[in-house]
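In what follows, a structure is listed as structure tokens, so that the remarks can point back to it.
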Amino acid sequence: MTLGQRLIANEWSAIAVAIVIGVVGLAATSPAFLTEFNLYVMMRSFCVVLVVAFAQMLTLAVGQLNLSIGALGGLVAIAIGGMMEVLGFPIAVALPIGLAIGALGGLINGLLTVRTGINGFIITLATASAFTGINLGITESIPFYNLPSAFVAFGTARLSAFPMLLIPPVIVALLLALFLARTVPGRQLLAVGGNPHAAQLSGVHMNGIVVLAHTLSGLLAAVGAILAVAQLGSAQPTIGQDWLIMSFAAPIIGGAALTGGHVSVAATALAVVLIVLIQNGMVLAQVDPYWVQFLLGALILAAVGLNRLRAVRAGEA
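If you read the sequence shown in this note's numbering, its first letter stands for residue 246, the second for the next number, and so on.
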């Protein structure tokens, strides 16, 4: 097998090579790239994107799409901000309620999908509008700034170049990898996406697994919202508005099958590293940030094509 064939066959190797090339290129052309502050900025950006990518990855695993991740995240962000600033709730109360709101939003998505039989794409498009409407209706587009100092401090705390904000996403990644590889519901989730008919014949509760995927997706959207609020130091109604394209890009670049059944926590994480690297490189090069959207779109198309080629070659083997 040639090197090129190995890169095609392995979903994360091509991403790793791209990351190495990007790091070497940026280090050689930009003195600011390897500075402690720039590494800190990149890792802070990595935190929210990683969790949001995992949220989308779970719905892709069962062959579904979740267009409401950003809207639900924005609603959770405003909810926890309002609870802490207006209602005076302590952090230990506001954050679990925020997580519950995210899980509830995901549960609603899942139940509507399986009960109506309507494609999750349409359901989550509708609920995204509903979540955004609730968000703006509550806040009238006014942010919450007066958050507990300990919460804001966590969002900026760091050890050298490593932000403390990186700890929750790493924990999420480890738990998610264990869930998908070592638990019955995790394996059933992949089975439902990979071969629904076979999964049903083996006794898997299809609808329950789809609901579980959406519920966990909503829960992770809430985690992303909490991290975003801590990162910004305020609860902004606009949180989540730019999540959708990144939430799709990372899992797909990481080799997730659009039809479901195959996702990779490690490859998705590497894809997020690549996305953050591209964003940072464009900032250092003083390129208009709007071009990032163009590059992400191009990467998604390339990744879908590569995944298709990988599937064809696997079928021929």
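All C-beta atoms, glycine included, are put in the ideal place defined by N, C-alpha and C.
{"query": "Residue range of the alpha helix (DSSP H) that includes tyrosine 285", "result": "281-306"}
{"query": "Residue interval of the alpha helix (DSSP H) (run including serine 394)", "result": "394-401"}
{"query": "Whole-angstrom distance between serine 479 and alanine 324, CA atom to CA atom", "result": "12 Å"}
{"query": "Rounded separation between alanine 501 and leucine 305 - CA only", "result": "7 Å"}
{"query": "Pair within 7 Å by beta-carbon distance, proline 408 and methionine 288", "result": "yes"}
{"query": "CB of phenylalanine 376 within 7 Å of CB of leucine 465, strictly", "result": "no"}
{"query": "Start-to-end residues for the alpha helix (DSSP H) that takes in histidine 442", "result": "441-446"}
{"query": "Proximity of alanine 322 and alanine 470 at Cβ, strictly below 7 Å", "result": "yes"}
{"query": "Check whether leucine 519 and isoleucine 264 have beta carbons under 7 Å apart", "result": "yes"}
{"query": "Assigned exposure category for alanine 562 - 16 Cβ within 10 Å defines buried", "result": "In this prediction, alanine 562 scores a pLDDT of 49, lower than 50, which makes its location untrustworthy; no coordinate-derived value is stated."}
{"query": "Secondary structure of leucine 404, DSSP reduced to three states", "result": "strand"}
{"query": "Inter-stretch contact (C-beta, 8 Å, three-pair minimum) for the region 421-436 and the region 445-457", "result": "yes"}
{"query": "7 Å Cβ cutoff met for proline 496 and methionine 302", "result": "yes"}
{"query": "Nearest-angstrom Cα separation, counted from alanine 277 out to alanine 514", "result": "24 Å"}
{"query": "Cα-Cα separation between alanine 548 and glycine 499, rounded to whole angstroms", "result": "8 Å"}
{"query": "DSSP three-state assignment for alanine 263, whether helix, strand or coil", "result": "helix"}
{"query": "7 Å Cβ cutoff met for valine 307 and alanine 458", "result": "yes"}
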